[in-house]
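Number 387 marks the last residue of the sequence shown (our numbering); no jumps. To start, the structure itself, in structure tokens.
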Amino acid sequence: MKSWIPILLLALVPPVVAACARKATPHRHAAAPAVAAISYEARQGRAVYQHYCQTCHGETGAGDGFNAFNLDPHPRDLSDPAFQKAKSDADLTDAIRRGGSGVGLSALMPPWGHTLSDRQIADLVAFLRSLRRTA
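Next comes the structure, spelled out in structure tokens:
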């Protein structure tokens with residue numbers, strides 16, 4: 253009476269194996285926008301930026317962060333091509349280290365020199381350079 257079970261199982265194995273072996277057709281999605289590759293240092297600087305700077309300067313550095321509208325003057329647009337061209341890496345490092353009042357700008361930007369290491373500041377400057385948008 254139970255001799256038909258192995259025969260039934262043998263009959264079902266090939267269709268099940270064939271169904272499992274069939275490859276699904278890949279879904280075609282719209283191509284993701286190309287993201288420019290950034291250096292290791294800039295990737296490290298992005299983490300520092302997100303933790304310390306993004307609240308005021310915004311995700312893209314446009315000066316439109318969550319806290320920006322509570323500040324007068326509003327934070328600088330770090331992605332502005334004119335700003336990127338006018339400021340050297342040393343200028344950016346000095347402003348980060350000494351804060352706004354330390355370089356004759358708004359006292360609302362705190363000095364990060366005692367909080368961030370020299371390596372973190374250099375990485376942050378590398379990330380700020382990657383924020384440059386085209387004119």
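From the three backbone atoms N, C-alpha and C, an ideal C-beta is built for every residue, glycine too. Predicted model only: the values in this text are computed from it and were never measured.
DSSP state of residue i mapped onto helix, strand, coil
i, result
"Thr-345", "helix"
"Arg-371", "helix"
"Glu-293", "helix"
"Gly-388", "In the structure displayed, the chain extends from 253 to 387; residue 388 sits before or after that span and is not available."
"Ala-286", "Summary for Ala-286: the model assigns pLDDT 43, below 50, so the residue's position carries little reliability; its value from the coordinates is reported in the next sentence. The answer is coil: DSSP assigns Ala-286 none of H, G, I, E or B."
"His-279", "Any answer about His-279 is weak, because its pLDDT of 47 lies below 50 and its placement is not dependable; what the coordinates show is given next. The answer is coil: DSSP assigns His-279 none of H, G, I, E or B."
"Cys-308", "helix"
"His-303", "helix"
"Arg-298", "helix"
"Asn-322", "helix"
"Ser-353", "helix"
"Arg-385", "coil"
"Lys-337", "helix"
"Leu-376", "helix"
Presumed contact (8 Å Cβ cut-off) between residue i and residue j, rounded CB distance
i, j, result
"Gln-296", "Asp-346", "So it is not a contact: roughly 20 Å between Cβ atoms."
"Val-377", "Asp-341", "5 Å"
"Leu-323", "His-309", "Between His-309 and Leu-323 the Cβ distance is about 11 Å, and since that is not below 8 Å, they are no contact."
"Thr-312", "Leu-360", "Not confirmed; about 20 Å, so no contact."
"Arg-328", "Gly-315", "6 Å"
"Ala-289", "Phe-379", "Not really, about 13 Å apart at Cβ, beyond 8 Å."
Of the listed residues the options, nearest to residue i (C-alpha basis)
i, options, result
"Val-358", "His-326, Tyr-292, Ala-294", "For the record, residue 358 in the displayed sequence is Ser; it is not Val. The shortest C-alpha separation from Ser-358 is found at His-326."
"Leu-368", "His-303, Tyr-292, Gly-352, Ile-290", "His-303"
"Lys-337", "Arg-381, Gly-352, Phe-321, Ser-291", "Arg-381"
"Pro-362", "Tyr-292, Arg-349, Arg-371, Asp-370", "Arg-349"
"Arg-441", "Trp-364, Leu-344, Pro-333", "No answer is possible for residue 441: the residues shown for the chain start at 253 and end at 387."
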